[in-house]
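In the working numbering, the protein residues as written are -15 to 113. Note that beta-carbon positions come from the ideal geometry of N, C-alpha and C, so glycine has one too. All of these numbers come straight from a predicted model, not from anything done at the bench.
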């Protein structure tokens, strides 16, 4: 079952095990640029298997905090990190981001045919059950 990004999510985005254990929120999490910690599993386009081929980067764009998913071919997708209970929203483009909670402490973020698996903590009571 899919959960839209409008559901209440508090994400611990790509901050590694230390942040996952410390209870930091998305606004507090640190993502080292260009490190192994920024590598995430993704399946792009019509790929069926997830491989750790994408890099994730947290950036500040004016007053907006963003998460940029970089593809090995140079392409990328941008998401705005929001604190209004939605967690992530697509920063540009016409395609809506869909978040699916996974059992292993991650979420699957899907936009178009691209899928990313990132560490996350779902706020208790999010998604209505």
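Use the C-beta contact count for residue i: other C-beta atoms within 10 angstroms, 16 or more gives buried, fewer gives exposed.
i: residue 92; result: buried
i: residue 83; result: buried
i: residue 60; result: exposed
i: residue 78; result: exposed
Whole angstroms are fine: how far does the CA of residue j sit from the CA of residue i?
i: residue 55; j: residue 23; result: 10 angstroms
i: residue 74; j: residue 32; result: 23 angstroms
i: residue 103; j: residue 47; result: 24 angstroms
i: residue 13; j: residue 50; result: In this prediction, residue 13 has a pLDDT of 36, which is less than 50 and means its spatial position is unreliable; nothing more can be read from the coordinates.
Check residue i in the structure and name its three-state DSSP category.
i: residue -6; result: With a pLDDT of 34 at residue -6, under the threshold of 50, the predicted position of this residue should be treated as unreliable, and no value is reported.
Cα-Cα, which of the options is closest to residue i?
i: residue 95; options: 39, 58, 38 and 62; result: 62
i: residue 87; options: 64, 105, 80 and 76; result: 105
i: residue 37; options: 58, 43 and 45; result: 58
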